[in-house]
Structure formats: C-alpha cells, structure tokens
Amino acid sequence: MAMMTGLTFTACEDYPDAYEVAGGLPSVDYVRCLSTEIETSTDSESTQYTNGQFVTSASPQAILCLVGENLRSVYQMYFNDQEAILNTSYITDNTLIVQVPRTVPEAVSDKIYMITSSNDTVTYDFEVIIPSPVISSMSCEYAQPGTQATLYGSYIIDDANVPLTITFPDGSVVTDYEVDSSYSSVTFTVPECTEEGALTVTSVYGTTTTSFHYLDTRGMMFEFDGVTGLSNHGWHDRTITTDETAITGNYVQLGDGTTTLDETGGWNDSSFSFEYWPGSWNTPVDYPEGEGERLFDLVDFSDYRNMTLKFEMYIPSSSPWSAGAMQIIFAGTDKVSYGNSGLDVYGNTVAGPNNTYLQDDVLPRALYRPWTDSGSYDTDDEWVTVSLPISSSFIYGYSGSTASGTLTENDFASLVIFVVGGGINGTECTPLIKIDNVRAIPN
Numbered sequence: 000m001a002m003m004t005g006l007t008f009t010a011c012e013d014y015p016d017a018y019e020v021a022g023g024l025p026s027v028d029y030v031r032c033l034s035t036e037i038e039t040s041t042d043s044e045s046t047q048y049t050n051g052q053f054v055t056s057a058s059p060q061a062i063l064c065l066v067g068e069n070l071r072s073v074y075q076m077y078f079n080d081q082e083a084i085l086n087t088s089y090i091t092d093n094t095l096i097v098q099v100p101r102t103v104p105e106a107v108s109d110k111i112y113m114i115t116s117s118n119d120t121v122t123y124d125f126e127v128i129i130p131s132p133v134i135s136s137m138s139c140e141y142a143q144p145g146t147q148a149t150l151y152g153s154y155i156i157d158d159a160n161v162p163l164t165i166t167f168p169d170g171s172v173v174t175d176y177e178v179d180s181s182y183s184s185v186t187f188t189v190p191e192c193t194e195e196g197a198l199t200v201t202s203v204y205g206t207t208t209t210s211f212h213y214l215d216t217r218g219m220m221f222e223f224d225g226v227t228g229l230s231n232h233g234w235h236d237r238t239i240t241t242d243e244t245a246i247t248g249n250y251v252q253l254g255d256g257t258t259t260l261d262e263t264g265g266w267n268d269s270s271f272s273f274e275y276w277p278g279s280w281n282t283p284v285d286y287p288e289g290e291g292e293r294l295f296d297l298v299d300f301s302d303y304r305n306m307t308l309k310f311e312m313y314i315p316s317s318s319p320w321s322a323g324a325m326q327i328i329f330a331g332t333d334k335v336s337y338g339n340s341g342l343d344v345y346g347n348t349v350a351g352p353n354n355t356y357l358q359d360d361v362l363p364r365a366l367y368r369p370w371t372d373s374g375s376y377d378t379d380d381e382w383v384t385v386s387l388p389i390s391s392s393f394i395y396g397y398s399g400s401t402a403s404g405t406l407t408e409n410d411f412a413s414l415v416i417f418v419v420g421g422g423i424n425g426t427e428c429t430p431l432i433k434i435d436n437v438r439a440i441p442n
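The sequence shown runs 0 to 442 under numbering that gives the first Met the number 0.
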C-alpha cells in the first residue's frame, strides 16, 4: 500500500492485454481509506489490521479502496462532479484503488458516480470533505495599506452564499479581493492596519489562522532603523538608505544598478556583500549590545532546525538579477569576529576578521538564486517576502555542492549576505537588490 501511494495514477500501457473492462454493473460494499491506514501504520509499528478502516467521507487527494463486486466494469468515476483518474493496474473484480480528485466540486451531491462502458451509472453515497483554507505564504508580509498583496495556498474558496473573508490583526476586513480559478491564491487590497499579528481567513468550509504574521517583528535582527541597533559591522560599509520605494524606513542595498556582476557571479565584496560580524576591539573581545552582540544573544536559535530566515526584498525591473547566488551565511565567533583574534570574555577562542570561512564547502549556507527559473529576476518594482527554512535551505557550500559540515546553535553569531558564485553560470548583469527586516522566526 505504501508503494502504491507514490505512484502516479495514469493509464498503464506496459501490459495492454492484461486488463479488460467487464460488462454488467458494479456494486460497492464499503470503502477503506488507505491514506489513513498507511499513516497509522507508520505512526505505530504495532498496528494490526482487521477489517481496515471503513469510511463514508474523505478529503481531496486521499487514496481509497472500494470493495465490492464486478468493479472491472467501472469505466469512468466521478466524486461529485469531478472526474477521478483510474489506473487499471489497481482495479480487480473486487477492489478498486483510486485517489479523490484534488479539485473542488462545483456541484455537491455527496456521491461517487461509477459509469460503465455502456454508459450506465451506479451511485454510492460518499462525502468529499473540503478543508478549511490552507494559507502557506503572503507575497509581502509588510505590504502597505492600499497596495495589492496575495495570499498563497489551497482551498481558498469564495462561495456566492458564504463569501471569503480575510481579517487583519486589528480586525480590519478585506473588502476588495479576487480568488484565482484554482482556489490557490487570493489577491486583495491591504486595509489600514498598523498592528502586528496573524491573519484569519474564513471560507464556507471553515477558518484558518496564518502561521506567519503581518508586520512580523519576531526574531528581528536587522531593520536598519535603530530598533535592534545592528547594521554594518565588518570590512565593508554597505549602503543603508531610504527613498520613495522604501517599505519601512531604511534598507540595505547590494549593488547600485551600474556595477557589473559577471556571468559566474565573480567575487566583488565591495559592492555585493553585507557583513555583520559580532565583537569589539577590546581585549579580551566582548560583544557590546546594540552594536556587536552575537545574534544568538538577540534571537533564540536553540531550535534553529524549526526556524525560517525571512526578509523583504525589492529588485527594480530596470536592474534585474541574472548571475551569482545570494549566499546567506551564519557563522560562529570561532570562524569570524569583528575584533582581535584570541579569547573573548567567556574564554572562547575567537577568530578575527577574515573571509576564508566564506569560501569553502564545509560551512552550510543558503544559496538563493531565483533568477535560475527564467534566466532573470526582478520583483516588478514591488517588495516581496523571501522565506528560507533553515533546515532545508542552509545545506550548501560556496561552490553550490552540499556542504560537508553541519550547523550548530553557536554558528548563529554572525551573518553575511553576499551575492557571489554558487556554481551556476548566468548572464552578466548590473543588479540592485534592496533588503529589509531580516528576521528568524519559528516555523
């Protein structure tokens, strides 16, 4: 059964003569949900099956086994008005394995329709349970009032009798929105709201509260407006400024729209690197609050495997990005600091300023390079939120291969964001990348 769940439900052509549609009418005695049985088996090795789990309802994409008589006579099958894909490899006289269609029904009858080759139809009572809206992300978590934003996910359904509602943290309700035809996104005008918090999305099928926050300040490290006090703290003073495009005050800028980045993403740390190295020039090295403190003293990284690095980014259409990876690198004070090498106030051995650790395939880092999808990338003159789960994104070395080392909690002391290398060639470009609100939040 576990193997079957991994197979695509398509027509089998390996043995075209091994299966024949039967005549007559099918009948169904009961339905089992294989998805649930497999999950239960995985969760508990001691699970013993008797008659299986009989079900009269299931969610979209659940895998079912219909048990009955003459099931090879089924030529087509519908759940409500949505057609299911039949694989003859999983149909016998007495069993038929099928996946509930993912698409949301237009007309709900709570029935399975089994159609034979002679166009006879047999029905079986069965409910497809549509979940509450699933909201996975927001195009920009700092989208300003009056601008357009998009929520992405699934089952975002706007019913004529029970309209979709999107509620912001202060109780403001979205009134201007449009749901896409696949129910996987909704674009809306952001209402007046200055309060941080989760959004609430309600459809005819239920209510969901987002895991992300609007105007999120959790785990904030760099907002460049003086709240944390952290900014440039390394060899290069990256441009920190504000203008009419700014989303929340100051931002840090990589590139200037005129400096060339070659097709390999060649090394140019004077234009494309933001460095924050903790420490001081005191002896022994200490970590002044609001200037040179270690990031893990500011943000709790004890459960970093279940955290995501986020930031807002703006790349104007006039200065697109098409080469080099944005290498996002956390490192401990044993690898780099902005102070004298030797010992710190805690008795730890501290490395001084250097870029050696940036250039190996040992220390895991994220390589963010969205331009590889189409060859060039910009944010269409808007701010977007970038989300990089630490456990799955921070796994690469400088060259683009998988890093040989592993991260520890102590590695979250410093941060470098450097557009360079990454192992994939692009095209020469003169990018301008604006970054704001760098934060690490729990998943």
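For every residue, glycine included, the Cβ atom is placed at its ideal position computed from N, Cα and C.
Should Tyr89 and Lys110 be called a contact, given that it needs their Cβ atoms to be closer than 8 Å?
no
Starting from the C-beta of Asp380, find all residues in its chain whose C-beta is less than 6 Å away, skip the five residues before and the five after it, and write them out in chain order.
Sequence-distant partners of Asp380 (beyond 5 residues in either direction) whose C-beta falls short of 6 Å from its own C-beta, in its chain, are Pro315, Ser316.
Residues near Asp224 in its chain [Cβ-Cβ closer than 6 Å; skip 5 each side]
Result list for Asp224: Gly248, Asn249, in chain order.
Where does Arg101 sit, in a helix, a strand or coil, going by DSSP?
coil
Quick one: grab the DSSP three-state call for Pro59.
coil
For Ser413, the residue or residues it bridges with in DSSP:
Ala330
Beta carbon of Glu194 nearer than 8 Å to that of Thr384
no
Out of curiosity, what's the CA-to-CA distance linking Gly264 and Ala402?
Their backbone Cα atoms lie some 19 Å apart in a straight line.
My assumption, with CB atoms under 8 Å, is that Leu414 sits in contact with Met137. Please give the rounded CB distance.
So it is not a contact: roughly 23 Å between Cβ atoms.
List the residues that DSSP assigns as beta-bridge partners of Glu21.
According to the sequence shown, residue 21 is Ala rather than Glu. Its beta-bridge partners do not exist; DSSP assigns none.
I believe Tyr337 touches Gly233 by the beta-carbon criterion, under 8 Å. Please report the beta-carbon distance rounded to the nearest angstrom.
6 Å
Three or more C-beta pairs closer than 8 Å, one from the segment 283-299 and one from the segment 391-399: is that the case here?
no
If I follow the unbroken beta strand (DSSP E) through Asp435, where does it start and stop?
Counting along the chain, the beta strand (DSSP E) containing Asp435 begins and ends at 432-441.
Starting from Phe53, trace the beta strand (DSSP E) both ways and give me its first and last residue.
Unbroken run through Phe53: none, as it is neither H nor E.
Residue nearest to Val200 in terms of C-alpha spacing, selected from Leu357, Thr259, Leu163:
Ranking Leu357, Thr259, Leu163 by Cα distance to Val200 puts Leu163 first.
Rounding to the nearest angstrom, what Cα-Cα distance links Arg31 and Phe329 in this structure?
48 Å
Cutoff 7 Å; reference Gly404; Cβ partners in own chain excluding five residues on either side
Val361, Leu362, Pro363
Looking at the secondary structure, which residues open and close the beta strand (DSSP E) in which Ser135 lies?
133-137 is the extent of the beta strand (DSSP E) around Ser135.
Beta bridge counterpart(s) of His212 as assigned by DSSP
Beta-bridge pairing links His212 to no other residue.
For Tyr74, name the three-state secondary structure that DSSP assigns.
In the structure shown, Tyr74 adopts extended strand secondary structure according to DSSP, grouped into three states.
Arg237 classed as buried or exposed, judged by whether at least 16 other C-beta atoms fall within 10 angstroms
buried
Let me make sure I understand the geometry here. Which of Ser321, Thr307, Val349, Thr355 has the alpha-carbon closest to that of Thr378?
Ser321
Given Leu24 as reference, the closest of Ser117, Thr55, Phe78, Pro441 once Cα atoms are compared:
Leu24 has its Cα closest to that of Ser117, out of Ser117, Thr55, Phe78, Pro441.
Buried or exposed for Cys428, please, with buried defined as at least 16 other CB atoms from any protein chain shown within 10 angstroms of its CB.
buried
Check whether the segment 274-281 touches the segment 334-351, counting contact only when three or more Cβ pairs, one atom from each stretch, lie closer than 8 Å.
yes
Mapping the DSSP letters down to three states, classify Arg304 as helix, strand or coil.
helix
So Gln98 packs on Ile62, CB below 8 Å; how close in whole Å?
With a Cβ gap of about 5 Å, Gln98 and Ile62 count as contacting.
For the alpha helix (DSSP H) that contains Ser153, what are its first and last residues?
Not the alpha helix (DSSP H): Ser153 falls in the beta strand (DSSP E), residues 147-153.
Leaving out five residues on either side along the sequence, give the residues of the same chain with a beta carbon under 8 Å from the beta carbon of Ile423.
Ala324, Arg368, Thr371, Gly399
Rounded to a whole number of angstroms, what is the C-alpha to C-alpha distance between Leu308 and Asp169?
Looking at the two C-alpha atoms, the distance is approximately 25 Å.
Assuming Phe417 and Gln326 form a contact by the criterion Cβ under 8 Å, report the distance between their Cβ atoms to the nearest whole angstrom.
5 Å
Checking 8 Å against the spacing of the C-beta atoms, do Phe78 and Val127 come in under that value?
yes
DSSP state of Ile394 mapped onto helix, strand, coil:
Shown here, Ile394 sits in coil according to DSSP, grouped into three states, outside any helix or strand.
Short of 6 Å in beta carbon distance, which residues of its chain neighbour Thr115, apart from the five on each side in sequence? Order them along the chain.
Ser72, Tyr74
Just tell me which of Glu177, Trp382, Asp410 has its CA closest to the CA of Arg293.
Asp410
Mapping DSSP to helix, strand and coil, what is Leu294?
helix
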